[in-house]
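One structure is given below, encoded as structure tokens.
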Amino acid sequence: MGQLDHIYSVRDLRTLSQSDLQILVEELQVFLVKLGEQCGGHLASNLGVIELTLALHLVFDTPHDKFVWDVSHQCYIHKLLTGRRDALFSIRQYNGLSGFAKMAESPHDSFGAGHAGTALSAALGMAHARDLANQSHAVISVMGDGTLSNGMVFEALNNIGNLNTNFICILNDNDMSISKPTGSLATYMTQLRTSKAYDLIWKKTDQLLSKMPAISQPLTQRIEKALSHFRDLVLNVKVDVLFEEFGFKYLGPLDGHDLPTLVTTLHYAKTYPGPIMIHVVTKKGHGYAQAEADPLRYHGVSPKKKPSPLPQKTYSQLLGDSLIAIAEKTPDLIVVTPAMSVGSGLVNYSERFPKQFIDVGIAEEHAVTYCAGIASAGGIPVLAIYSTFLQRGYDQLIHDVCLQDLPVIFAIDRAGLVGEDGPTHHGVFDYAFMLSIPNLVVLAPKDGVELTAMLWWATTQRKTAVAIRYPKGVAPSLPISPRPFTHPSAEVLLATKTPTILILAIGSLVPIAYSIGTTLTTRGHQTAVINLRSAKPLDTECLTPYIDAAKHVFVLEEGTEIGGVGNYIRHHYYTHNSAIHTVGIPDRFIDHGKNSELYASVGLSESAIEARILSVLK
Numbered sequence: 009m010g011q012l013d014h015i016y017s018v019r020d021l022r023t024l025s026q027s028d029l030q031i032l033v034e035e036l037q038v039f040l041v042k043l044g045e046q047c048g049g050h051l052a053s054n055l056g057v058i059e060l061t062l063a064l065h066l067v068f069d070t071p072h073d074k075f076v077w078d079v080s081h082q083c084y085i086h087k088l089l090t091g092r093r094d095a096l097f098s099i100r101q102y103n104g105l106s107g108f109a110k111m112a113e114s115p116h117d118s119f120g121a122g123h124a125g126t127a128l129s130a131a132l133g134m135a136h137a138r139d140l141a142n143q144s145h146a147v148i149s150v151m152g153d154g155t156l157s158n159g160m161v162f163e164a165l166n167n168i169g170n171l172n173t174n175f176i177c178i179l180n181d182n183d184m185s186i187s188k189p190t191g192s193l194a195t196y197m198t199q200l201r202t203s204k205a206y207d208l209i210w211k212k213t214d215q216l217l218s219k220m221p222a223i224s225q226p227l228t229q230r231i232e233k234a235l236s237h238f239r240d241l242v243l244n245v246k247v248d249v250l251f252e253e254f255g256f257k258y259l260g261p262l263d264g265h266d267l268p269t270l271v272t273t274l275h276y277a278k279t280y281p282g283p284i285m286i287h288v289v290t291k292k293g294h295g296y297a298q299a300e301a302d303p304l305r306y307h308g309v310s311p312k313k314k315p316s317p318l319p320q321k322t323y324s325q326l327l328g329d330s331l332i333a334i335a336e337k338t339p340d341l342i343v344v345t346p347a348m349s350v351g352s353g354l355v356n357y358s359e360r361f362p363k364q365f366i367d368v369g370i371a372e373e374h375a376v377t378y379c380a381g382i383a384s385a386g387g388i389p390v391l392a393i394y395s396t397f398l399q400r401g402y403d404q405l406i407h408d409v410c411l412q413d414l415p416v417i418f419a420i421d422r423a424g425l426v427g428e429d430g431p432t433h434h435g436v437f438d439y440a441f442m443l444s445i446p447n448l449v450v451l452a453p454k455d456g457v458e459l460t461a462m463l464w465w466a467t468t469q470r471k472t473a474v475a476i477r478y479p480k481g482v483a484p485s486l487p488i489s490p491r492p493f494t495h496p497s498a499e500v501l502l503a504t505k506t507p508t509i510l511i512l513a514i515g516s517l518v519p520i521a522y523s524i525g526t527t528l529t530t531r532g533h534q535t536a537v538i539n540l541r542s543a544k545p546l547d548t549e550c551l552t553p554y555i556d557a558a559k560h561v562f563v564l565e566e567g568t569e570i571g572g573v574g575n576y577i578r579h580h581y582y583t584h585n586s587a588i589h590t591v592g593i594p595d596r597f598i599d600h601g602k603n604s605e606l607y608a609s610v611g612l613s614e615s616a617i618e619a620r621i622l623s624v625l626k
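In terms of our numbering, the sequence shown is residues 9 to 626.
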């Protein structure tokens, strides 16, 4: 029987010897692989922080001490050690554990997350509140090196010097993109700098030099400069300069898989009086050869299932294919994405057109204004971005793009519910925050054919900003003869001679609307179904006659009802006699689970929508 069988809490962890801890690390690697196979999730990231998570829990006591995980997709072992082991195989499943840190789930999750770049700001705020309350617990933020491309991190770093509080930040460098250890001398130098003797020597030296003011300042500066130059020479470390300028004491880089060194360093940091940055180098997928060899592929995995005999293309893949075709005829097209080239289906495009592509990193605000700059100079920018991340560039969308009426195209992926990633990633607010902005066309395709057509139209019109939102997953094939999309216009899919029931649908809910309309028609109800395609502007030439004739109008959208398409249509037709009913996401944050489960929970499954329509008709 191994060590993992006995580990249900941190208390159990602290009974283990060093050799037992190493056995536990290996068992946790196997455990995470099994968890990934069964439940999916972020496998490579969690494999990379096993030793770091164990070290944190060996040194600190949660929930008294506070851990703030950036993004927090790497917190599976943290969950296991804080009383959630038996529930871990429900992770990312409906009514199960979240795949991210979640305050409502456990007091050990001191701050929730899902987006990058938030941990440092949140942890600094927690440390400030702690100091004001005369408390003494530790506050530790853990962030990845990729987060350093996010401007919010530097906004937080800029506050470090002003606060000068006890605070620990762990920089998890899992791509070795900043620097890496260079042998035993690097380890020795870090051990030296973490020793109490080192700090005591400096304290005594400073006290001695303070009695000789004429030479103290220049001598102190020379000593510090000499040590820094020596350290840089030996370690080839430049990143320390950055963090020390912001007010941190910098330690590292450390081997993030050397548990004893991590524990020793964290014990030192726990008592250090001031902000301290610990730079650890880890390997994504550590301990699992396949994930180590291809950490990108194993960053997020799906549960094992039988392969589809006829794989269909996803909306993301169709975006990439369409942009390749457009770029072949459009030399001034530039595609931009904020660290989502894989998820947005742009890998092939980026390889074919490297000069017409840029990944700006986790920098959504910059990405939007970057595109505004391209458009102002006559280029054709397409920003491929997830709906949830466009929220981070909202001011830039208004101020830099729409206010100046610049023709930026927004390809908004993951619009609507996104399943197991849950409320931090659902894209349900974009209709509401875009429909209120002037100079912005808002489109949503019902299938892949319409997505391609909308992209071609958007990249050739060159007059105004265009947002095209589409869901996660496979683009459906519908038994409908499509009307060509040549401008923002609606499409009548089904209509009896004198329809009194009108179903207006947009985007992902069009197939459901068509199915329900067909059913109602066969039952004798006079029904029409219209694919809106354009939420703004509305195709009033198409819509108005049907709305005037209908007794009941149902607007189906995979977005929040408040401020959404239904409300927009209701406002536009408020003088008409039709009863307009909105069918969308209710006013609450939607949890995680399979989309089919989530649709049922919010009343957007086909059966739920049909039942609602029939209840109104009674």
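From the three backbone atoms N, C-alpha and C, an ideal C-beta is built for every residue, glycine too.
Check whether the segment 71-82 and the segment 280-291 touch, using three or more Cβ-Cβ pairs below 8 Å as the test. no
Using a Cβ-Cβ cut-off of 7 Å (strictly less than) and excluding sequence neighbours within five positions of F39, which residues of its own chain qualify? L12
Report the option in K278, T290 and L250 whose CA atom is closest to the CA atom of H265. T290
Quick one: what's M285 bridged to in DSSP? C177 and Y258
Using DSSP with H/G/I as helix, E/B as strand and the rest coil, what is D139? helix
Quick one: using the 10 Å Cβ neighbour count with 16 as the cut-off for buried, is P268 buried or exposed? It is exposed - the Cβ of P268 has fewer than 16 other Cβ atoms within 10 Å.
Here's the rule I'm using: 16 or more other beta-carbon atoms within 10 Å means buried, otherwise exposed. How should D421 be labelled? buried
Can we say the segment 361-381 touches the segment 343-351, given the rule of at least three CB pairs closer than 8 Å? yes
Residue from D153, L171 and N170 with nearest C-alpha to N180: D153
Can you tell me whether D403 is buried or exposed, with buried defined as 16 or more other CB within 10 angstroms of its CB? exposed
Any chance the segment 595-610 sits against the segment 466-473, with 3 or more Cβ pairs inside 8 Å? Note that the segment 595-610 does not touch the segment 466-473; fewer than 3 beta-carbon pairs, one per stretch, sit closer than 8 Å.
Take the Cβ of L128 as the centre, count every other Cβ of all protein chains shown within 10 Å, and call the residue buried at 16 or more, exposed below. Burial call: buried.
L486 and V563 - do their beta-carbons sit closer together than 9 Å? no
Residue interval of the beta strand (DSSP E) (run including A473): A473 to R477
With a threshold of 6 Å on Cβ separation, who are the neighbours of L173 within its own chain once the five nearest residues in sequence on each side are excluded? Residue identity check: residue 173 is Thr in the sequence provided, not Leu. If we look at T173 and ignore the five residues flanking it on each side, its Cβ neighbours are A135 and D139.
Residue from D28, T535 and L501 whose Cα sits closest to the Cα of A558: T535
Cβ-Cβ distance between T526 and L502 below 9 Å: yes
Look up L459 in the DSSP assignment and say whether it is helix, strand or coil. helix
For I168 and V147, what's the separation of their Cα atoms in angstroms? 14 Å
Go to I621, then tell me how far its alpha helix (DSSP H) extends in each direction, as first and last residue. If you look at I621, you'll find it in the alpha helix (DSSP H) that goes E614 to L625.
I'd like to confirm the pairing. Which residues does DSSP put opposite D421 in its beta bridges? Y394
Whole-number beta carbon distance between T432 and G122, since they are thought to touch under 8 Å: A Cβ-Cβ separation of about 2 Å places G122 in contact with T432 under the 8 Å criterion.
Classification of A194 by the beta-carbon crowding that lies within 10 angstroms, buried from 16 upward: Unreliable positioning characterises A194 in this predicted model, as indicated by a pLDDT of 49, which lies under 50. The coordinate reading is nonetheless provided below. Classification for A194: buried.
What is the DSSP secondary structure of V251, reduced to helix, strand or coil? Rather than Val, the amino acid found at residue 251 in this sequence is Phe. Collapsing the DSSP output to three states places F251 in a helix.
If I follow the unbroken beta strand (DSSP E) through L564, where does it start and stop? H560 to T568
Do you know how far the Cα of I31 is from the Cα of E565? Annotation: E565 to I31 spans about 51 Å, alpha carbon to alpha carbon.
At the level of alpha carbons, what is the spacing between L165 and L606? 39 Å
Bridge partners of M151, per DSSP? L179
M462 versus F175, I570 and F418, residue with shortest Cα-Cα distance: Of the listed residues, the one whose Cα sits closest to M462 is F418.
How far does the beta strand (DSSP E) with E428 in it reach, from first residue to last? Counting along the chain, no beta strand (DSSP E) covers E428, and no H or E run does either.
Of the choices T590, G260 and H580, whose alpha-carbon is the least far from that of E1? With the chain running from 9 to 626 in the structure shown, residue 1 is simply not present.
Whether A63 touches L259 by CB criterion (9 Å): no
Could you work out which residue in G104, N142, G567 and G91 is closest to R19 when comparing CA atoms only? G91
With which residues is G435 paired in a DSSP beta bridge? G424
Using CA atoms only, rank isn't needed, just tell me which of H65, D28 and L612 is closest to G567. L612
How long is the line joining the alpha carbons of A483 and P492, rounded to whole angstroms? 17 Å
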